[in-house]
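Numbering (this note's numbering), first residue to last: 57 to 332.
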């Protein structure tokens, strides 16, 4: 936890989802997302703990939200270190393949973006992160579902539209409902779940009212990719962006998306395909 605090990093991937749904917690297989400026610091911390780099990838695609992916190992322990392109490590989390893993652990607590679905072992597919062409949707859907097989084996159900679940359909309002793919969300809206940690540092206990706030000057805004409301055939892309706060006008941070290939998408799903 000290390493997360020092570098403003978060734990993402399978571990937060498993904790939230009462599943097994495997501390030997972690996914950590670190801000761009803390890359060298986090690598030094992990290497100081005895981890060795066995792989490094310069990712493309994923809307430019990641700039480097490292795999580090120590005996039977594995850490996948994702280096964000911005100072906000939560941006790539909201571009993952399903809402079921749009959660993270920070030094202050746990955040769950879609608690109504996640806590009942349900997730929407977010499979238009890079592929915006309608002709690709069947291929992408099949690939994502293969990656999610380990979750379906544990009783998690997935849909492309929340209205396919009767209890969600009754309350769906397009552009308003938190689980509508066309609704723009942010980390501090009322739909997210924040679970705070009582944290003790330097010999005294501190409680954080806004416990998952990694940096009070920024947040993440995002929306899911999927069907346009009312259309079974037209699709829109997901997006996730860092937004700077406390200015006269909130500024959306631009990211050079580069080559929108599948390389990083497939790499990011290594966690989903993993054993954690």
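Glycine residues also receive a C-beta, built at the ideal position from the N, C-alpha and C atoms.
This one's a predicted model, so the numbers in the text were calculated from it and none came from an experiment.
Determine the DSSP secondary structure at residue 170, reduced to helix, strand or coil.
Working through the chain shown from its first residue, we reach residue 170 at position 114. In the three-state scheme derived from DSSP, where H, G and I count as helix and E and B as strand, residue 170 is classed as coil.
Report buried or exposed for residue 333, applying the criterion of at least 16 other Cβ atoms within 10 angstroms of its Cβ.
Residue 333 falls outside the range modelled here, since the chain spans only 57 to 332, and no answer is possible.
So what's residue 179 in DSSP terms, helix, strand or just coil?
One-based indexing of the chain shown puts residue 179 at position 123. Strand at residue 179.
Among 250, 65 and 235, which residue has its Cα nearest to the Cα of residue 142?
Along the chain shown, one-based indexing puts residue 142 at 86. That would be 65, whose Cα lies nearest to the Cα of residue 142.
Within its chain, find whatever has a CB closer than 6 Å to the CB of residue 225; leave out the 5 residues flanking it on each side and keep chain order.
Residue mapping note: residue 225 aligns to position 169 of the chain shown, counting from 1. Contacts found: 219.
Is residue 67 helix, strand or coil when you go by DSSP?
Position 11 of the chain shown, counted from the start, is the residue given in the question as residue 67. The answer is strand: DSSP assigns residue 67 an E or B state.
Taking the C-alpha atoms as reference points, what is the distance between residue 222 and residue 179?
Locating residue 222 in the chain shown gives position 166, counting from the first residue. Locating residue 179 in the chain shown gives position 123, counting from the first residue. About 14 Å.
Inter-residue spacing [alpha-carbon to alpha-carbon] between residue 122 and residue 288
What you label residue 122 is simply residue 66 of the chain shown in a count that begins at 1. What you label residue 288 is simply residue 232 of the chain shown in a count that begins at 1. Across the structure, residue 122 and residue 288 are spaced so that their CA atoms are roughly 31 Å apart.
Give the DSSP-derived three-state secondary structure of residue 143 in the structure shown.
The residue labelled residue 143 in the question sits at position 87 within the chain shown. Residue 143: coil per DSSP, three-state reduction.
What is the DSSP secondary structure of residue 97, reduced to helix, strand or coil?
Locating residue 97 in the chain shown gives position 41, counting from the first residue. Secondary structure at residue 97: helix, using DSSP grouped into helix, strand and coil.
Please tell me whether residue 111 and residue 127 are closer than 7 Å, where the distance is taken between their beta carbons.
The count along the chain shown starts at 1 and reaches residue 111 at position 55. The count along the chain shown starts at 1 and reaches residue 127 at position 71. Yes, the Cβ-Cβ distance between residue 111 and residue 127 is below 7 Å.
Which residues in the same chain as residue 228 place their Cβ atom closer than 7 Å to its Cβ, once the five residues preceding and following it in sequence are excluded?
By 1-based counting over the chain shown, the position of residue 228 is 172. Cβ neighbours of residue 228 beyond the five flanking positions: 218, 219 and 236.
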